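These notes are about the structure you will find just below.
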Amino acid sequence: MGKLPNSTIEMLKNQMLQTTLPALYLFIFTISIPLNSISLWFLCRHSRPWTPTIVFSINLTITDLLYSMLLPFQVVYHLRGNDWPFGQVLCRIITVLFYANMHCSVLTMTSICIERYLGIVHPLTHRTMRPIRTALLTCIIIWIFVLLLHFPLMKTELTFQVEELQITTCFDILPKAMFPSRNHFIAYFGSQVLLCFLLPLLIMAFCYTLVIRTLLNSPPTQLREIKKQTMYLIIVLLIVFVVCYVPNIVISIIHFVYTTQNKTAYVEYKLSLALNSLNCCFDPLVYFFGSKEFRQKIQKKLCKCMPDIFSEMARRRIHMTSGPPAGAPPKATCLPCLGRQKT
1 MGKLPNSTIE
11 MLKNQMLQTT
21 LPALYLFIFT
31 ISIPLNSISL
41 WFLCRHSRPW
51 TPTIVFSINL
61 TITDLLYSML
71 LPFQVVYHLR
81 GNDWPFGQVL
91 CRIITVLFYA
101 NMHCSVLTMT
111 SICIERYLGI
121 VHPLTHRTMR
131 PIRTALLTCI
141 IIWIFVLLLH
151 FPLMKTELTF
161 QVEELQITTC
171 FDILPKAMFP
181 SRNHFIAYFG
191 SQVLLCFLLP
201 LLIMAFCYTL
211 VIRTLLNSPP
221 TQLREIKKQT
231 MYLIIVLLIV
241 FVVCYVPNIV
251 ISIIHFVYTT
261 QNKTAYVEYK
271 LSLALNSLNC
281 CFDPLVYFFG
291 SKEFRQKIQK
301 KLCKCMPDIF
311 SEMARRRIHM
321 TSGPPAGAPP
331 KATCLPCLGR
341 QKT
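Under UniProt numbering, think of the first position of the sequence shown as 1, with each following residue one higher.
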């Protein structure tokens, strides 16, 4: 083993990585596990009939749960000063699943976007595609693709003993045998940025631009509920993507450019990965706004007297403008579920 550059040693000794990353990962783990567990239970048990959005949401929930279950390993690793105590094999498995689940989440969100695009812009084509079967097949293809993309990591020794610090890193220092030249390094990780971030971003921008244009050009009274639900879904997906993924895309590109100049932005890259992980906490909003059935089931279980909030808002607007029908009895106020009393 050759002597490491001073910049690499300083990066491994960075106190911000050893304190901020464990705190962020622990917070995400604490929030994500219960949220996505509840979401998965509702999606599988109470969402009938299934729609393509439900199928993609189940895949996204499973992805988030698997990803969140790996975070405690990252917490221990960084709390120990970037020292990996779990062995070579587990380092490979955790690394592959960590990045595969992250990329699978992005591609699943892109699939939801494409499904909405086909359903609204090309409804006749969408009906002839057997959307449920197509959604299931798409999820399988996504998983096969991301696992194949990260297969080289399974054949490589990802741990590295840093004698200067008496620690063993996991995927922070890569052996030279993995990438014979800097161009190999840029080609491998650059392809991940292109295929799993930049290309999905362009697809989402294209699809949602046409979806919004189609909705705006349709008659005001046509498919009002679908329009509203789709607009909410677009807003949530774009917010999640911009907040969680765009910083990682930008910093990854900067990091790869820096590697050609013997510079590093690795600390910033690691922090952007933690920000990327926040999508596990935000994805349940995608299910809530993306599926009326899921939203109604959640509200029905939480409070049977609670109407669908979006439908109720629409009824209130109509009521305020036109007033109640003549001779209609006054509507009783719905009591909170926890406040009900038996008579």
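Beta carbons: idealized from backbone N, C-alpha and C, even for Gly. Owing to the predicted nature of the structure, the values given are computational and were not obtained by experimental measurement.
I186: not part of any beta strand (DSSP E); member of the alpha helix (DSSP H) spanning 182-193, first to last residue. Going by DSSP, F179 is part of no beta strand (DSSP E) at all; its letter is neither H nor E. For F29, the enclosing alpha helix (DSSP H) covers residues 15-45. Bridge partners of I167 according to DSSP: V162. Contact between I112 and F56 is confirmed by a C-beta separation of about 5 Å, below the 8 Å threshold. In this structure, F241 sits near M109, with a CB-CB distance shorter than 8 Å. T125 sits exposed, since fewer than 16 C-beta atoms from the chains shown fall within 10 Å of its C-beta. A distance below 8 Å separates the beta carbons of L35 and P284. For the set M69, T19, T214, the Cα lying nearest the Cα of T30 is the one of M69.
Its chain contains M102, C244, Y245, P247, N248 as the residues whose beta carbon lies nearer than 8 Å to that of N276, once the 5 sequence neighbours on both sides are disregarded; these appear in chain order. When the beta-carbon positions are compared, L97 and K270 stay at least 8 Å from each other. Only exposed fits V89, as fewer than 16 other CB atoms lie within 10 angstroms of its CB. Check the Cα spacing between F282 and each of Y266, I239, S272: the tightest is with I239. Exclusion of the five residues before and after P200 leaves V106, L107, T110 as the residues of its chain whose Cβ lies within less than 7 Å of its Cβ.
Per DSSP, G119 is one residue of the alpha helix (DSSP H) stretching across 88-121. Cβ-Cβ distances below 6 Å link K263 to nothing in the same chain once the five nearest sequence neighbours on each side are left out. Approximately 6 Å separates the beta-carbon atoms of L153 and T95; this is inside 8 Å, confirming the contact. Less than 8 Å divides the Cβ of T159 from the Cβ of C91. R116 counts as buried, since at least 16 other C-beta atoms from the protein chains shown sit within 10 angstroms of its C-beta. DSSP places H255 in the uninterrupted alpha helix (DSSP H) bounded by 246-259.
Pairing Q192 with L149 gives a Cβ-Cβ distance under 8 Å. Contact check for I28 against C280 passes: the beta carbons are separated by less than 8 Å. In the displayed model, I142 falls within a helix according to three-state DSSP. Residue state for M129 is assigned as coil, using DSSP reduced to three classes. The distance from the Cβ of L210 to that of V286 is about 20 Å, inconsistent with a contact at the 8 Å cut-off. I140 and E163 have their C-alpha atoms some 43 Å from each other. No Cβ-Cβ contact shorter than 8 Å links F179 with F171. Residues of the same chain with a CB within less than 6 Å of the CB of I234, apart from the 5 flanking positions on each side, are Y208 in chain order. When the five nearest sequence neighbours on each side are left out, the beta carbons in the same chain lying within less than 7 Å of the beta carbon of A100 are those of V146, L147, H150, in order along the chain.
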